[in-house]
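Enquirer: From first to last, the protein sequence lines are chains A and B.
Quick note on this note's numbering: the first sequence kicks off at 1 and runs consecutively.
Quick note on this note's numbering: the second sequence kicks off at 346 and runs consecutively.
Note that beta-carbon positions come from the ideal geometry of N, C-alpha and C, so glycine has one too.
Everything numeric in this text was worked out from a predicted model, so none of it was measured.
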Amino acid sequence: MSQYTVIQRLLFSPLVALAIVSCGNPASAQVQDPLAYAQARIVKIFGAGGMKNLHAYSTGFLVSPEGHVATIWSHVLDSDEVTAVLSDGRKFTANVVGAEPRMDVAVIKLTGDVKDLPFFELNDAKSASVGARILGLSNMFKVATGDEPVSVLHGVIAAKTKLTTRRGAFQTPYEGDVYIVDAITNNPGAGGGVLMSLDGKLLGMIGKELRNAASNTWVNYALPMTDLRDVIDQIIAGVYVAEKKPDEELAPERYNSLDFGVVMVPDVLFRTPAFVDRILPGSLAAKSGLVSGDLVLFVNGELVQSCRNLQSELGKLEGQDDLKLVVRRGKNLIEFEMRVPNKAN
Amino acid sequence: MRSIVLTIASLIALIPSVATALDPVVIEAQQRRIAVVKKVAPSVVCIFGKGGQGGGSGVLISPDGYALTNFHVTRGAGDFMKCGLNDGVLYDAVIVGIDPTGDVAVIRLLGREDFPVAPLGDSDKLKVGDWAYAMGNPFLLATDFQATVTYGIVSGLHRYQYPAGTILEYTDCIQIDTSINPGNSGGPLFNDNGELVGINGRGSFEKRGRVNSGAGYAISINQIKYFMDHLKSGRVVDHATLGATVTTGEDGSVIVDGILSMSEAFRRGVRQDDELVSFAGRPMRSVNQFKNVLGIYPKGWKVPLVYRREGETVTVYPRLRGLHRKSELTPKKKPAPKPKQPGPDGKKPEGKKPTPKLPIPVPGGPKPTPPPAKYKHMFVKKDGFANYYFNKVELDRVMKSVTALGDFSSVAGTWQLKGTVNTGDPFEFTLAQAAMGLTIGDRAFIQQVEDIQLEKEPPGTSGLLVAARQLKLMLTGGFKVASEIYYLGSEPLDGTGEVVDVVITVEGATQCRWYFSKDKPALVGFDTQVLEDSDDCEVRFQEFKEFEGRKLPSLFLVRSAGRDFLTFRLENVVLNPTPKATE
């Protein structure tokens, strides 16, 4: 509709866009009623969880007429099968087809003879710029059950940026750009919901609940659909192979803890604390005095929050560098220094 | 947080430089918003609790000062409150009625008869995506009584929110992404036309703390409309239950999975495993929908219910039962545990009663505000009432149409009422002190007052003779104290008819509901329930006629359990004088 495109051009202020809804329902040529269009394609997912702060529900959206549902990769899918409830109240069991944890995305498929379901055409997904009006649809707080429509929030894209993962502020493996929105979209169960433009175009998938550990604030973000759709398509086609992330290939891995004779505890968590499991006898570390149970806190002055962190810091070392470690042993902080050995190549 | 206040400020800053770039549609929308806020702001109430502790929001709905808020706001604020309006004046206010289940309270601001009011909207017409303005006193910022405005959209409709550890339950409520924070409670939710569509009262708060999380909930104004007269009655109002529980079947149908045999729904034929097709006119597709419908009606309303059994569909109009026992709604305050008083050696003193201690005010804590002397008379404490004063006001208003029929107090002796029924047979009622009799044609029925527990004469009426006695008591002023007669509120007559004022009278186990037309004050009928959980004897007045200077119903229909009994035409009346009291 014309008013709407006018408004899209005038990106200077959110108040401009206030006018949109009050001036009638936004609708494009394809999508007469964007909300009804989107609601029909959104799926309520119920799965694992239910303990303490772990909600046992999330949101997804249909991406094929045969019942493929894209959703957030989370603990909710940690179960043999999950329950998916369509907008008309029909209840299906669903299995995980595949997932790319690094992009926080998973695809589940409704079981049984499923066909002709309404779905989002991923190729129609578009990107949006800062200031664009958005609607967020999700089953946050499990407010909707059965055939009840999920919650709708409105806002604008406040930024398109990376989540600062470097200092461990946000616990997310996702390193691409995300949409930051000014609506409180990321609530319990909202992950896997849909961020769309007012004319019903898919923009992104609402992310997890993310708290900034440093500022104790919560961020509302969505993963751009234009970045997700290839992965989703490949998972559906069964051809998806988790790629090594490009920046990981670029990250130097010249040294690791074993080069110093340090065996770290198994890296099982997203952020496994950097505890020393054991020290190889006769190694550099053994000579320096490191012992099993030490917790590595700093590598050459950089705070180390996890085993993964530690390994990437070690990877940056060059032969003959000075390696300075600060570890916590009991209540004491102890500093160790050693010379990085030359590596036979 | 997006607040209109901020938006307006930035608008003022922007207009000079970008005015040429703005689409007229945008300007128009802004002007409209400003106009809406300006229009409704005077009706928004900032409530301050006693001693300046706590508080909340409210909204005026009538020029004589009636205002809506949340029960959980008034509970903490006391029977008299201080309420600020945006004229900068702090008004006294008194509690009127409370609905602890629905979290609604009516208060009355005092001192004016021309308060600005918010027009009531129709919350059933809301759509997801509609603009929604919340106004009120979040974080108790409005120390100058200028309410804060936040805006957002309707995120969901007909939401059901489970009771949160108490009896408080939000049914069929409006979900908004408008910022709702502590202090917004009880404040108005306006639509884009500045019409009151809800009362904000709750939010989904989890790990982010008790601040807006993008999911606020407002009680729909349509639910409150159903309860409005009940709330104005000064009572502690109860919600309803059908006396049945339902479950969702395999195919998404809603099935009765349990039903109380004492419920009217059961007496009208609803049984376990019946499919609930619709309830109060809404198709039933989930348990939540059932709970939503139940939640918006007061106890005692009749609501159409359609059920299906073996392919056959039946419509019935059961009267809804109360959801709570009286004690659940007005919990007595638990006495404070007596402090252990160890003796000098640390052992309990034996054989000595602990000395009661005077309550010592906590330093810095709220001090109870004494009621303003001017309005002290406007609060009357009584069991089952939030403020009995307002019940008396409403009762006196409604009962004028009874006193208008004439003074029957001197003729409380035996009554003889003769006439013909619609089959052509003659009838004669004889209403004496200890017994009532009725002849219709050659059939005769007698009802002893002391046998009311045993039989209800004539058969098929569920107690017409008892009902006739109740009418006589009503007209002769036999009900005197609040436990015997009180104003209930209003309801649609017989579930679908005109909205009528309802007065309740009680004599022993017998309860009557008296219906008064709201348009032209007149008694239009009454239902008599001889015993609890039994069918009503329903009498509907069609005409009144004057007999010896006193008006009596001269044409009335009697029916029970959904079936008409007879229509009576009164022709001849003898009312004997009140007998002298014999020692």
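Let me know the secondary structure DSSP gives Ser28 of chain A once reduced to three states.
Expert: The pLDDT assigned to Ser28 of chain A is 35, lower than 50, so where the model puts this residue is not dependable, and the model offers no usable value.
Enquirer: Can you grab the Cα-Cα spacing for the pair Gly805 of chain B / Leu534 of chain B, in whole Å?
Expert: Gly805 of chain B and Leu534 of chain B: Cα-Cα distance of roughly 49 Å.
Enquirer: What is the DSSP secondary structure of Gln376 of chain B, reduced to helix, strand or coil?
Expert: Correct three-state label for Gln376 of chain B: helix.
Enquirer: Ignoring anything shorter than 3 residues or poking outside the segment 743–829 of chain B, list the beta strand (DSSP E) runs there in chain order.
Expert: As far as the segment 743–829 of chain B is concerned, its whole beta strand (DSSP E) runs of at least 3 residues are 760–766, 771–776, 780–785 and 788–793.
Enquirer: Is Pro118 of chain A close to chain B? Criterion is C-beta to C-beta, closer than 8 Å.
Expert: Chain B contact via Cβ: absent.
Enquirer: Hey, is Glu148 of chain A's beta-carbon within less than 8 Å of any beta-carbon in chain B?
Expert: By this cut-off, Glu148 of chain A is an interface position.
Enquirer: Where in the segment 206–289 of chain A do unbroken runs of the beta strand (DSSP E), each at least 3 residues long, occur, reported from the N-terminal end onward?
Expert: DSSP runs (the beta strand (DSSP E)) wholly in the segment 206–289 of chain A: 210–212, 217–219, 221–224, 262–264 and 276–279.
Enquirer: I need the straight-line Cα distance from Val69 of chain A to Ala56 of chain A, nearest angstrom please.
Expert: Between Val69 of chain A and Ala56 of chain A, the C-alpha separation is close to 17 Å.
Enquirer: So with CB distances below 7 Å, who are the chain B contacts of Ser151 of chain A?
Expert: Correct list: Ser500, Gly501, Gln520 and Ala560.
Enquirer: Just curious, the alpha helix (DSSP H) that Arg929 of chain B is in, first and last residue?
Expert: Nothing about residue 929 of chain B can be reported from this structure: the residues present for chain B run from 346 to 928 only.
Enquirer: Assess contact between the segment 531–550 of chain B and the segment 800–817 of chain B, defined as three or more Cβ pairs (one per stretch) separated by less than 8 Å. Is contact present?
Expert: Flag = no, the segment 531–550 of chain B and the segment 800–817 of chain B do not touch.
Enquirer: Less than 8 Å between the C-beta atoms of Ala40 of chain A and Asp78 of chain A, yes or no?
Expert: Result no, Cβ atoms of Ala40 of chain A and Asp78 of chain A do not sit closer than 8 Å.
Enquirer: Tell me which residues of the segment 34–49 of chain A have at least one Cβ-Cβ distance to chain B shorter than 7 Å, keeping chain order.
Expert: Flagged, chain order: Leu35.
Enquirer: Less than 8 Å between the beta carbons of Phe119 of chain A and Leu62 of chain A, yes or no?
Expert: Closer than 8 Å, so yes.
Enquirer: Counting contacts by CB-CB distance shorter than 8 Å, is Met196 of chain A in contact with chain B?
Expert: Answer no: the Cβ-Cβ gap between Met196 of chain A and chain B never drops below 8 Å.
Enquirer: At the 8 Å Cβ level, is Ser407 of chain B part of the contact set with chain A, yes or no?
Expert: Not one chain A Cβ lies under 8 Å of Ser407 of chain B.
Enquirer: Taking 7 Å as the limit between beta carbons, can you name the residues of its chain near Phe141 of chain A, skipping five residues before and five after?
Expert: Contacts found: Asn187, Pro188 and Gly189.
Enquirer: Any C-beta of chain A within less than 7 Å: which residues of the segment 630–663 of chain B qualify?
Expert: Going along the segment 630–663 of chain B in chain order, one finds Arg630, Ser631 and Asn633 with a Cβ nearer than 7 Å to chain A.
Enquirer: Would you mind giving the Cβ-Cβ distance between Thr821 of chain B and Ser754 of chain B, rounded to the nearest angstrom? I have them listed as a contact below 8 Å.
Expert: With a Cβ gap of about 6 Å, Thr821 of chain B and Ser754 of chain B count as contacting.
Enquirer: Report yes or no: is there a C-beta of chain B within less than 8 Å of the C-beta of Ala27 of chain A?
Expert: Below a pLDDT of 50, predicted positions are generally treated as unreliable, and Ala27 of chain A, at 34, falls in that range; the measurement from the model is reported next regardless. Not closer than 8 Å to any Cβ of chain B, the Cβ of Ala27 of chain A fails to qualify, so no.
Enquirer: Report yes if the CB atom of Ala585 of chain B is closer than 8 Å to the CB atom of Pro643 of chain B, and no otherwise.
Expert: It is a contact, given that the beta carbons lie within the stated cut-off.
Enquirer: For a contact meaning CB atoms closer than 8 Å, what does Asn557 of chain B contact in chain A?
Expert: The answer, in chain order, is Ile184.
Enquirer: Jot down the residue ranges of each uninterrupted beta strand (DSSP E) in the segment 859–895 of chain B, minimum 3 residues, whole runs only, in chain order.
Expert: The qualifying runs are 867–874 and 882–892.
Enquirer: So with Cβ pairs under 8 Å, would you call Ala132 of chain A a contact of chain B?
Expert: Output row for Ala132 of chain A: interface = no.
Enquirer: Which residue from B:Val884, B:Asp880, B:Asp881 and B:Phe901 puts its Cα closest to that of Lys890 of chain B?
Expert: Among B:Val884, B:Asp880, B:Asp881 and B:Phe901, the Cα nearest to that of Lys890 of chain B belongs to B:Phe901.
Enquirer: Secondary structure at Glu337 of chain A, three-state DSSP: helix, strand or coil?
Expert: Reduced to three states, the DSSP call for Glu337 of chain A is strand.
Enquirer: Could you tell me which of B:Val371, B:Pro461 and B:Ala906 sits nearest to Ala412 of chain B, measuring between CA atoms?
Expert: Residue B:Pro461 is the option with its Cα nearest to Ala412 of chain B.
Enquirer: Just verifying my parser: in three-state terms, what is the DSSP assignment at Val63 of chain A?
Expert: Correct three-state label for Val63 of chain A: coil.
Enquirer: Please state the DSSP three-state secondary structure of Met629 of chain B.
Expert: Coil.
Enquirer: Cα separation between Asp177 of chain A and Ala479 of chain B?
Expert: Distance between the alpha carbons of Asp177 of chain A and Ala479 of chain B: 34 Å.
Enquirer: Using CA atoms only, rank isn't needed, just tell me which of B:Leu455, B:Arg895 and B:Arg858 is closest to Val918 of chain B.
Expert: Closest option to Val918 of chain B, Cα to Cα, is B:Arg895.
Enquirer: How would you label Leu54 of chain A, buried or exposed, when you count the other beta carbons within 10 angstroms and need 16 or more for buried?
Expert: That one is exposed.
Enquirer: So within the segment 116–149 of chain A, which uninterrupted beta strand (DSSP E) runs reach at least 3 residues, ignoring any that extend past its ends?
Expert: Correct list: 133–138.
Enquirer: Just to confirm the assignment, what range does the beta strand (DSSP E) spanning Leu455 of chain B have?
Expert: It is not in any beta strand (DSSP E) - Leu455 of chain B carries neither H nor E in the DSSP assignment.
Enquirer: Measuring only the C-alpha atoms, how far is Thr592 of chain B from Arg654 of chain B?
Expert: Looking at the two C-alpha atoms, the distance is approximately 16 Å.
Enquirer: Can you give the Cα-Cα distance for Ser87 of chain A and Gly60 of chain A, rounded to whole angstroms?
Expert: One C-alpha to the other measures close to 11 Å.
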